[in-house]
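Visitor: One structure follows; several queries about it will come next.
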Amino acid sequence: MIKFKAVDLFSGAGGVSEALKKYFEIKLAIEFDPVHARTYSLNHGKKHLCVKDATKININDLKVYNLKNIDLLVSTPPCQGFSRHTRKAINDVTDERNNLILETVKFAHIIKPRYIFFENVPGIIYFKVFHKMVRDLNNLKASGERKNLNKPSYRINFKVVSVSDYNVPQKRKRLILIGERIDGLTSQDDYLSTIKREVPVYRHSIGLNPLMKKAPFLGEFLSHYNLTSITAGERCSLDPLHVASDLNQLNLRRIMATPHNGGSRLDWDESLMLECHKRKNVGYGDVYGRMNFQDYAPTITGGCNSYSKGRFGHPTENRAISLREAALIQTFPPDYIFVGDLHSEPNYGSKTKIALQIGNAVPVLLAEAFIKAIYDKLLE
């Protein structure tokens, strides 16, 4: 099997690398957070891992990694600054995390990959910095002329997808952007005639044909893993990541009063409700809700192990979903290792930090669908 070369920028706990390793040799993975990086190294090794702030990395830092002839740059920067829950204004660029997406351009210009795979929240299209990234990858001036003849230029296509169309059992939408390097241009006229088809960049096609496979509903999906029944606060002896957060007496009463498979706080007696929830249309309706085995899971977030932070109650058991269940719903393999601290044993440590790693990850099977499509394109 031919293996092409890839770089994983903002690699996190390694979800995209889990998809990449089937088709690409990972030459470099960059992750700033040391706990995320330790999880990454336990699953993918340390040889190609750089634990450093991407914004502080320059061309000299990269020489040791032998990044010649890179075929794919993956960029999945933190998305919190673009979330609909945090968006303040259509053009807000005050959140420093937002400018991290411009590192995609920096690394594309240094590495000159043949393809770029970029993933983020759909709300990113409302921000000027996203469109600046697209223009810079196109290598275009506002006048339509090429900015720099010494830098690579990319055809850019993007669209919003439902992850359930790619075998991920979640109600989750993501923006996928694909960049394809334009080669063999000998003049400005050649460049303009090639790039003009891609402007404006709002396109219905991303130029690839990733395999679409509708995910099964949550109950069928989880049934393949034969997870042991556990209670709130309990850790499974066979799999320490199959651990559920503890519940105080009030929250235990609340979840016991919540109907199985999709019940919510709207089903409670008023005595169980927070004062702010006693008024109609106040707060997020999913808070304190149960998932439904006959439906997809909600979006798995960094609070996925907390009963009070979303519809993260188990469909039938009186607890929040476990960390392992959350990781499986994100389509990590069942033996994937997470750590919550720098020195904790595998699958132990801060549950809050592990939940954050799981929730921040790109669903593995979503990444794999598009990475496989890029691999097939490279084979042509």
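Under this note's numbering, the first residue of the sequence shown is numbered 553, with each subsequent residue one higher.
No residue lacks a Cβ here, since even glycine has one placed at the ideal position from N, Cα and C.
Rounded C-beta distance between L625 and A660? I'm assuming under 8 angstroms.
Guide: Position 73 of the sequence shown, counted from the start, is the residue given in the question as residue 625. Position 108 of the sequence shown, counted from the start, is the residue given in the question as residue 660. Correct: roughly 6 angstroms between the Cβ atoms.
Visitor: Are the segment 665–677 and the segment 726–734 in contact at 8 angstroms, needing three or more beta carbon pairs?
Guide: Contact between the segment 665–677 and the segment 726–734 is present, because at least three Cβ pairs lie under 8 angstroms.
Visitor: Do you know offhand how far P811's Cα is from L804's?
Guide: To locate residue 811, count along the sequence shown from 1; it is residue 259. To locate residue 804, count along the sequence shown from 1; it is residue 252. Cα to Cα, P811 sits roughly 13 angstroms from L804.
Visitor: Taking the runs of the alpha helix (DSSP H) that are 4 residues or longer, which of them lie wholly in the segment 598–635?
Guide: Correct list: 611–614.
Visitor: Residues in the same chain with beta-carbon distance under 7 angstroms from A872, minus the five sequence neighbours each way, listed in chain order, please.
Guide: On the sequence shown, residue 872 is found 320 positions in, with the first residue counted as 1. Here the set comprises A796, S797, N857, S858, Y859, F864, G865 and H866.
Visitor: Excluding five sequence neighbours on each side, which residues of the same chain lie with their C-beta closer than 6 angstroms to the C-beta of I906?
Guide: What you label residue 906 is simply residue 354 of the sequence shown in a count that begins at 1. Around I906: L875, F890 and G892.
Visitor: Can you tell me where the alpha helix (DSSP H) holding Y592 begins and where it ends?
Guide: For the purposes of this step, residue 592 is taken as residue 40 along the sequence shown, with counting starting at 1. That run of the alpha helix (DSSP H) goes P586 to H596.
Visitor: Can you tell me where the alpha helix (DSSP H) with K929 in it begins and where it stops?
Guide: Translated into the one-based positions of the sequence shown, residue 929 becomes position 377. It spans V916 to L931 - the alpha helix (DSSP H) in which K929 sits, taken as one unbroken run.
Visitor: Spatial neighbours of Y706 within its chain, please: CB distance less than 8 angstroms, with the 5 preceding and 5 following residues excluded, ordered by chain position.
Guide: One-based indexing of the sequence shown puts residue 706 at position 154. Same-chain partners within the cutoff: A660, I668, L689, N690, N691, G731, E732, R733 and I734.
Visitor: Report yes or no: do three or more beta-carbon pairs, one from the segment 707–722 and one from the segment 917–927, lie closer than 8 angstroms?
Guide: Result yes; three or more Cβ-Cβ pairs closer than 8 angstroms.
Visitor: Say whether the segment 575–585 touches the segment 595–610, bearing in mind that this needs 3 or more beta-carbon pairs closer than 8 angstroms, one atom from each stretch.
Guide: Output reads yes: the segment 595–610 touches the segment 575–585.
Visitor: Taking the beta strand (DSSP E) that I730 falls in, what are its first and last residues?
Guide: Taking the first residue of the sequence shown as 1, we reach residue 730 at position 178. Unbroken beta strand (DSSP E) run through I730: K725 to R733.
Visitor: Looking at F769 and Q846, is the spacing between their C-beta atoms short of 8 angstroms?
Guide: Stepping through the sequence shown from its first residue, residue 846 is reached at position 294. Stepping through the sequence shown from its first residue, residue 769 is reached at position 217. Contact flag set, yes.
Visitor: Please report the straight-line C-alpha distance between L930 and F576, rounded to a whole angstrom.
Guide: Mapped onto the sequence shown, residue 930 falls at position 378. Mapped onto the sequence shown, residue 576 falls at position 24. The straight-line gap from Cα to Cα measures roughly 11 angstroms.
Visitor: What residues are listed by DSSP as bridge partners for S946?
Guide: Outside the displayed range of the chain (553 to 932) lies residue 946, so it cannot be described from this structure.
Visitor: Measuring only between beta-carbons, confirm whether A872 sits less than 8 angstroms from chain B.
Guide: You won't find chain B in this structure, because it holds only one protein chain.
Visitor: Do you know offhand how far G785's Cα is from H794's?
Guide: Position 233 of the sequence shown holds residue 785. Position 242 of the sequence shown holds residue 794. Each residue's alpha carbon lies about 11 angstroms from the other.
Visitor: Kindly list the residues whose CB is nearer than 7 angstroms to the CB of R724, restricted to its own chain and excluding five residues on each side of it in sequence; keep chain order.
Guide: Numbered from its first residue, the sequence shown carries residue 724 at position 172. If we look at R724 and ignore the five residues flanking it on each side, its Cβ neighbours are V715 and T851.
Visitor: Excluding sequence positions up to five away, which residues of its chain have a Cβ less than 8 angstroms from the Cβ of T853?
Guide: Along the sequence shown, read from residue 1 onward, the residue named residue 853 stands at position 301. Closer than 8 angstroms at Cβ, skipping near neighbours: K861, G862 and G911.
Visitor: Given a cut-off of 8 angstroms, decide if E570 and F884 are closer than it, judged by their beta-carbon atoms.
Guide: For this step, residue 884 is matched to residue 332 along the sequence shown. For this step, residue 570 is matched to residue 18 along the sequence shown. Their beta carbons are under 8 angstroms apart, which means F884 touches E570 by this criterion.
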